[in-house]
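Sequence lines, in order, name chains S, E and H.
What the first sequence shows, in the working numbering, is residues 240 to 292, in sequence order.
What the second sequence shows, in the working numbering, is residues 3 to 251, in sequence order.
What the third sequence shows, in the working numbering, is residues 43 to 274, in sequence order.
Glycine included, every Cβ here is placed at the ideal spot set by N, Cα and C.
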Amino acid sequence: MEKLAMGNYGIYVWSCFGMTLAVILFSEWRARLRHKRVYRDIEVRIKALEERQ
Amino acid sequence: MWKFFHQLASPPHFYRLAAIFSPWFLVPAIALIAYGVYAGLFLAPMDYQQGDAFRIIYVHVPSAYLSMMAYMILAISGGIGLIWRMKLAHAVAAAAAPLGAAFTFLALVTGSIWGRPMWGTWWEWGDPRLTSELILLFLYFGYMALRGAIDDTAKADKASAVLALVGIVNVVIVHFSVEWWSSLHQGRTLMKEGGPAMDPGMLYPLLAMILGFTFLFGSLLLRRVRTEVLFRERRTRWVREMIMSPEGR
Amino acid sequence: MNEATAIQPGMLSGLWATARRDLLLAWKRPGDVLNPLFFFAMVCTLFPLAVGPSAAQLEFSGPGVLWVAALLATLLSLNSLFLTDFEDGSLDQLLVSSQPLPVLALGKTLAHWLTSGLPLVLVSPLLAITYRMPWSVVPVMMLTLLLGTISLSLLGSIGAALTVGLHRGTALLSLLILPLAMPVLLLGANTVSLAAGNDVYTTGIWALGAYAIASLSLAPYATAAALRISNE
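Written out as structure tokens, the structure reads:
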């Protein structure tokens with residue numbers, strides 16, 4: 240517990256590490272989301288083109 | 003060997019190879035960061051001046067370093083795309099921008115949080131590195147705003163490449179001028195990096211974090227460039243064939 | 043003498059021709075020159091209104107306020123650097139001209155500075171008085187503004203070329219130029235403050251001069267490249 244408190248500085252240190260993790264995870268999540276969306280949109284459009292033929 | 007690089011520049015090859023290379027970036031990244039976080043938080047000795055608060059360095063410095071490296075990558079790949087007309091280079095620049103901005107934001111936030119126990123304020127204009135980092139964030143925003151304002155992709159690529167190249171020169175100038183300004187108004191140096199000689203117990207985790215973040219950036223960038231390539235090439239035949247075939251993605 | 047040996051116009055004539063045209067246009071529309079000047083004066087008025095007219099405060103913040111106001115006024119005037127030409131097709135003429143585009147861009151920038159930066163420099167002493175700037179400091183301030191506005195016009199032309207004809211180009215132009223302008227602002231305002239405090243201020247002057255020279259040599263190329271890209 241004392242390790243976590245870090246002599247009153249704990250909240251600063253942990254919030255920094257937490258923020259870093261959060262931003263990295265968020266960025267990765269958004270990137271994957273975009274990839275899926277782009278892929279799906281292309282797939283839909285190709286299927287539509289195929290059907291028209 | 004050159005054949006490899008030539009292949010790399012071709013979008014379908016890059017798309018395939020990037021997926022294969024991704025683990026080579028991600029695995030070292032996780033390993034280095036895991037060690038860096040553990041050693042930095044628990045093993046490194048306490049700083050006698052700042053106490054445990056100095057441990058923020060283990061996320062602040064890598065973020066700041068990445069924010070600048072990302073801008074370099076942005077400008078250099080923009081320049082390559084402009085001069086050698088490589089489509090892939092422009093895709094790299096477009097993908098690097100939001101990532102770089104994210105790390106700049108992180109550097110600013112962690113720097114600000116670090117400042118609170120150290121200086122007693124949430125923001126210190128007098129610290130040259132914080133102020134320069136803020137200006138870097140504005141440069142990123144300008145870059146992304148310009149890209150967003152131009153509809154035609156090729157035009158947006160070239161215009162933002164020019165902007166990034168001008169910005170690179172500016173980054174250097176801003177760094178030196180803000181330092182001068184800070185020295186005029188502020189006696190002491192503020193953003194401590196551990197002082198002149200850092201205890202090896204403090205230094206190794208920091209180096210690990212910097213290296214780990216670099217690998218992480220590479221892996222994050224690869225994914226985004228893949229998506230960017232897919233989007234830009236969405237009307238080409240190779241994309242159509244890849245998606246129709248069973249093992250797409 | 044056949045066409046091949048006819049004397050070709052030199053580079054300077056292209057520069058001068060472009061500059062002269064813009065100067066004539068500005069002469070016909072004095073508002074274009076006066077508006078930024080009024081803006082400059084008004085911004086200088088805003089600060090005392092906002093933070094109070096205490097003499098000490100005014101004298102202390104004078105250099106900074108004057109410089110910020112000059113920067114904002116320059117930004118305002120940069121907007122129209124290429125806009126009217128873009129709208130009426132003259133820009134296309136510049137692009138296909140046989141004169142090198144960087145030279146023509148420099149000509150336009152020169153005219154811009156003569157109609158915005160230079161007037162600012164000349165008007166600044168009047169406003170400096172209202173900020174109780176000592177007479178010994180005013181020449182320093184004018185020198186920093188002179189060098190600074192040259193750099194700002196040149197840097198600004200790059201931004202103006204990148205954003206010409208874009209939807210909401212004004213706001214974007216400011217966003218692009220301000221980070222470039224920050225070192226100039228920093229150097230200019232702080233050099234004047236140093237002079238006001240009787241400190242050594244020559245470093246700033248040299249730096250501003252170097253910045254102006256560097257901008258003069260490099261900005262026209264970037265502006266030309268940006269013009270081509272924006273108009274292809």
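Where H/GLY190 sits in the DSSP three-state scheme: helix
Any non-hydrogen atom of the ligand MN closer than 7 Å to H/ASN273 Cβ: With respect to small molecules bound, the structure shown includes none, and the ligand MN cannot be examined in it.
Using 8 Å as the threshold, is the C-beta distance between E/HIS92 and E/ASP153 below it? No, these two residues do not count as a Cβ contact at 8 Å.
Using beta carbons (cut-off 8 Å, strictly below), is H/ASN240 in contact with chain E? H/ASN240 does not count as touching chain E.
Hey, is S/VAL252's beta-carbon within less than 8 Å of any beta-carbon in chain E? Chain E, which has a Cβ nearer than 8 Å to the Cβ of S/VAL252, makes this yes.
State yes or no: is the beta carbon of E/GLY122 nearer than 8 Å to at least one beta carbon in chain S? no
Within chain E, the residues that H/SER272 reaches when beta carbons sit closer than 8 Å: LYS157 and ALA161
So which residues of chain S does E/ASP129 contact, with C-beta pairs closer than 9 Å? What E/ASP129 touches in chain S: nothing, since even the nearest Cβ is about 16 Å away.
Identify, in the order they occur along the chain, each residue of the same chain with its Cβ nearer than 7 Å to the Cβ of H/SER161, setting aside the five sequence neighbours on each side. At residue 161 of chain H the sequence reads Pro, which differs from the Ser that was named. If we look at H/PRO161 and ignore the five residues flanking it on each side, its Cβ neighbours are VAL75 and LEU79.
Partners in chain E for S/VAL277, counting only beta-carbon separations shorter than 8 Å: THR229, LEU232, PHE233 and ARG236
Name the residue from H/SER193, H/ALA203 and H/LEU91 whose alpha carbon lies nearest to the alpha carbon of H/SER259. H/SER259 has its Cα closest to that of H/SER193, out of H/SER193, H/ALA203 and H/LEU91.
Can you list, in chain order, the residues of its chain with a C-beta nearer than 8 Å to that of E/ALA166? Leave out the 5 residues immediately preceding and following it. TYR73, LEU76, ALA77, GLY80, GLY81, ALA95 and TYR145
Within the 8 Å Cβ cut-off, does S/ARG291 reach chain E? no
Where do the N-terminal and C-terminal ends of the alpha helix (DSSP H) with H/ILE255 fall, by residue? 244-272
Considering only the beta carbon of each residue, do E/ALA66 and E/GLU135 sit closer than 8 Å? yes
For E/GLY83 and H/ALA213, I'd like the C-alpha separation in whole angstroms. 27 Å
Report the residue ranges of all alpha helix (DSSP H) runs contained in full by the stretch 33-64 of chain E; include only those spanning at least 4 residues, in chain order. none
Going by DSSP, what residue range makes up the alpha helix (DSSP H) through E/MET146? 130-151
Measure the Cβ-Cβ separation of H/ALA115 and H/PHE89 and say whether it is below 8 Å. no
How is E/TRP124 classed by DSSP in three states: helix, strand or coil? coil
Is there contact between the stretch 226-241 of chain E and the stretch 96-112 of chain H, where contact requires at least three CB pairs shorter than 8 Å? no
Could you name the residues of the stretch 206-231 of chain E whose beta carbon sits closer than 8 Å to any beta carbon of chain S, in the order they occur along the chain? LEU218, LEU222, ARG225, ARG226, ARG228 and THR229
Starting from the C-beta of E/VAL63, find all residues in its chain whose C-beta is less than 8 Å away, skip the five residues before and the five after it, and write them out in chain order. Counting only Cβ-Cβ distances below 8 Å, and skipping sequence neighbours, we find GLU195, LEU208, MET211 and ILE212.
Any chance the stretch 208-222 of chain H sits against the stretch 238-247 of chain H, with 3 or more Cβ pairs inside 8 Å? no
Rounded to whole angstroms, what's the CA-CA distance from E/ALA147 to E/GLY122? Just pull it up for me. 34 Å
Could you check how far apart the C-beta atoms of H/MET53 and H/PRO142 are, in whole angstroms? I think they sit under 8 Å. 7 Å
Measure the beta-carbon distance from E/LEU45 to E/GLY203 and round it to whole angstroms, keeping in mind my assumption that it falls under 8 Å. 7 Å
How many Å lie between S/HIS274 and E/LEU232 at the Cα? Going by the C-alpha atoms only, they are around 8 Å apart.
Are the stretch 113-132 of chain H and the stretch 171-188 of chain H touching, with three or more C-beta to C-beta distances below 8 Å? Look at the beta carbons and you see the stretch 113-132 of chain H not touching the stretch 171-188 of chain H: under three pairs across the two are nearer than 8 Å.
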